[in-house]
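Participant: Got a structure for you, written out below as structure tokens; questions coming shortly.
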Amino acid sequence: MDVQEIYEKVKEVFVVEFEIDEGLITRDSLIFKELGLDSLDSVDLIVSLEKTFSFRIDRTNDGPVISEIRIIQDIVDYVNSKLT
């Protein structure tokens with residue numbers, strides 16, 4: 061899976077799970093400030109990403125924790141690192 065495919069799947073997670081308009085989602089979108097997710101949504105985001113990409117995200121020792129992820133590209137980079 062290439063980086064563009066990962067990006068498209070991440071966008072789909074935000075559209076389907078959080079009902080965010082696809083047109084609002086860019087690689088530089090701030091997840092919490094611009095897209096409106098809150099700390100409770102971060103749990104749903106982790107679960108959705110795990111289902112979408114078929115790997116488990118360790119909540120403590122697996123690279124960047126969800127609280128360090130600020131923009132969509134951070135998620136794309138993280139997923140890419142797990143898949144390569």
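Throughout the sequence shown, residue numbering follows my numbering, covering 61 to 144 in sequence. Note that beta-carbon positions come from the ideal geometry of N, C-alpha and C, so glycine has one too.
How long is the line joining the alpha carbons of Asp88 and Ile131, rounded to whole angstroms?
Facilitator: 5 Å
Participant: Is the beta carbon of Ile66 less than 7 Å from the beta carbon of Val136?
Facilitator: yes
Participant: To the nearest whole angstrom, what separates the beta carbons of Leu100 and Val73, a pair I think is in contact under 8 Å?
Facilitator: 16 Å between Cβ atoms; not a contact.
Participant: Just how far apart, CA to CA, sit Thr86 and Leu97?
Facilitator: C-alpha of Thr86 to C-alpha of Leu97: approximately 15 Å in a straight line.
Participant: Looking only at C-alpha atoms, which of Lys93, Lys142, Phe78 sits nearest to Arg116?
Facilitator: Lys142
Participant: Report the CB separation of Glu82 from Val75 in whole angstroms; it is logged as a contact under 8 Å.
Facilitator: 5 Å
Participant: Using the Cα positions of Asp104 and Thr112, report the straight-line distance between them to the nearest angstrom.
Facilitator: 12 Å
Participant: Determine the contact status of Val63 and Asn140, defining contact as a CB-CB distance below 7 Å.
Facilitator: Yes, Cβ-Cβ distance for Val63 and Asn140 is below 7 Å.
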